[in-house]
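Right, one structure below, let's go through it.
In the working numbering, the protein residues as written are 32 to 462.
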């Protein structure tokens, strides 16, 4: 009786449910069945999968060792012979970026419980290759040559599309992953991604690869021009592949791609991320200092340091300025900079409403900072004028002493915050 019930549940219920069918790799079982009967012998077969190796294909496909697997369909590979068979199972459909490159499918697999084909098969030749918008030649350790790239734009909190064009030119000694770092003009790394678009175990000399990389853009990244640092590395050791010049000499570990543009976010995140140091105080009507990214605990006079100020704006703002100071043991301030957010490149008045912005400020420590400890300070206030200010000290902000001030300047009203070690916690010394 139990066997009858189990059979009825499987064939009458579970077997007809599309979610159960695909969760149990029913589409890949259909791929294996097809390949066991029609495995090409004159060209390689690429199969898009969710992970490599793949146990379902390994168990069911007779010629599994001859298949080349592409994780998540992130790369389009054309072998040196110029022809290939590509199979996309239902669980890993053709990605949007690849659709314009492919011909119509040569074959559709058997129908699944949802009435859709279990896979789509494509016959590829050199017509799928396209020229990069930025052609170049960058040799990475004689293992691969980057022949060009395309780079798009993306909004803060979303992804920036990057397409890499490269060719296998050597025999890989190790497993290699591609990486891309999103940096601003000061060299600060806003985000990064490592990706195994085409596993090295399947590489063959002459393979031409088009690899799509979705570079994440950190929420709060100010709009503007950034750059991408692109290369390959060995994940086991972390060692990057050297980039070589035309004479085979070392030319760095990466290629720098300029003018990768970040656009303003349409809206701030529904839930703001938690900063390293929580502040959460309104410093101007409609403008909150959410928190702070402290600078390193030590710095050298004459060298740059950076601090991140996390702002949340709830209404349009006037042209305010941010002032960074060093406060000595005698409580005398030394102004490092007075400018709009993002190194002066993203004024408060240009922000949409509402907005969430991570304001990275990089300044150089003056050579005369001396040996004694100096506390960093951040002041925010109106865009001009002098005048006095009255301050009220308080304790308990991130366990440090803070002073909140109301400034009276040429623009009538202002407010600010000085924070000792709670902001950046620096100990200065002469170089």
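Glycine residues also receive a C-beta, built at the ideal position from the N, C-alpha and C atoms.
Model, not experiment: these values are computed from the prediction.
Item, Value
"Please work out which residues of its chain come closer than 6 Å, Cβ to Cβ, to residue 47, disregarding the five sequence neighbours upstream and downstream, and give them in chain order.", "144"
"Contact check, residue 378 vs residue 350 under 8 Å by CB: the rounded distance?", "6 Å"
"Residue ranges of each beta strand (DSSP E) run of no fewer than 3 residues wholly in the region 177-259, ordered along the chain?", "190-199, 208-214, 220-226, 239-247"
"Should residue 389 and residue 339 be called a contact, given that it needs their Cβ atoms to be closer than 8 Å?", "yes"
"Shortest alpha-carbon distance to residue 59 belongs to which of 72, 86, 394?", "86"
"Between which residues of its own chain and residue 275 is the CB-CB distance below 8 Å, once the five residues before and five after are set aside?", "170, 171, 172, 173, 281, 282"
"Check whether the Cβ atoms of residue 108 and residue 244 lie closer than 8 Å to each other.", "no"
"If you draw a straight line from the C-alpha of residue 277 to the C-alpha of residue 165, how long is it?", "18 Å"
"Indicate whether residue 128 and residue 208 have their beta-carbon atoms separated by less than 8 Å.", "no"
"What does residue 170 pair with, by DSSP beta-bridge criteria?", "176, 275"
"If you follow the beta strand (DSSP E) that residue 395 is part of, which residue opens it and which one closes it?", "386-395"
"Using the Cα positions of residue 213 and residue 196, report the straight-line distance between them to the nearest angstrom.", "19 Å"
"Would you kindly check if the distance between the Cβ of residue 200 and the Cβ of residue 175 is under 8 Å?", "yes"
"Once DSSP output is grouped into helix, strand and coil, what is the label at residue 69?", "helix"
"Considering only residues of the same chain and omitting the five flanking positions on each side of residue 372, which have a CB-CB separation below 8 Å?", "253, 340, 342, 353, 378, 379, 388, 390, 392"
"Within a Cβ cutoff of 7 Å, which residues of the same chain sit near residue 318, ignoring the five residues on either side of it in sequence?", "342, 344, 348"
"Taking the alpha-carbon positions, what's the residue 394 to residue 369 distance?", "10 Å"
"Buried or exposed: where does residue 272 fall if 16 or more other Cβ atoms within 10 Å of its Cβ makes it buried?", "buried"
"Please classify residue 50: is it buried, with 16 or more other beta-carbons within 10 angstroms of its beta-carbon, or exposed?", "exposed"
"Which residue marks the beginning of the alpha helix (DSSP H) containing residue 52, and which one marks its end?", "49-54"
"Suppose the cutoff is 6 Å on Cβ atoms and the five residues either side in sequence are ignored; what does the same chain contact list for residue 290 look like?", "256"
"Does the distance from the CB of residue 337 to the CB of residue 217 come in under 8 Å?", "yes"
"From this set, 79, 96, 310, 92, which residue's C-alpha is nearest residue 106's C-alpha?", "79"
"Which residues bound the alpha helix (DSSP H) around residue 91?", "86-91"
"What separation, rounded to the nearest whole angstrom, lies between the Cα atoms of residue 179 and residue 155?", "21 Å"
"Report, in whole angstroms, the separation of the C-beta atoms of residue 310 and residue 303, which I expect to be a contact under 8 Å.", "About 12 Å separates the two Cβ atoms, so there is no contact after all."
"With a threshold of 16 other CB atoms inside 10 Å of the CB of residue 433, please say whether the residue is buried or exposed.", "In this prediction, residue 433 scores a pLDDT of 33, lower than 50, which makes its location untrustworthy; no coordinate-derived value is stated."
"Rounded to whole angstroms, what's the CA-CA distance from residue 312 to residue 306? Just pull it up for me.", "13 Å"
"Quick check: what's the CA-CA separation for residue 308 versus residue 326?", "11 Å"
"Less than 8 Å separating the beta-carbons of residue 198 and residue 238?", "yes"
"Could you tell me the distance, in whole angstroms, from the CA atom of residue 153 to the CA atom of residue 146?", "20 Å"
"I believe residue 251 touches residue 187 by the beta-carbon criterion, under 8 Å. Please report the beta-carbon distance rounded to the nearest angstrom.", "6 Å"
"May I ask you to report which of helix, strand or coil DSSP gives residue 57?", "helix"
"Roughly how far, in whole angstroms, is the beta-carbon of residue 248 from the beta-carbon of residue 177, given that I think they are within contact range, below 8 Å?", "Not really, about 22 Å apart at Cβ, beyond 8 Å."
"How many Å lie between residue 148 and residue 158 at the Cα?", "25 Å"
"If you follow the beta strand (DSSP E) that residue 337 is part of, which residue opens it and which one closes it?", "335-344"
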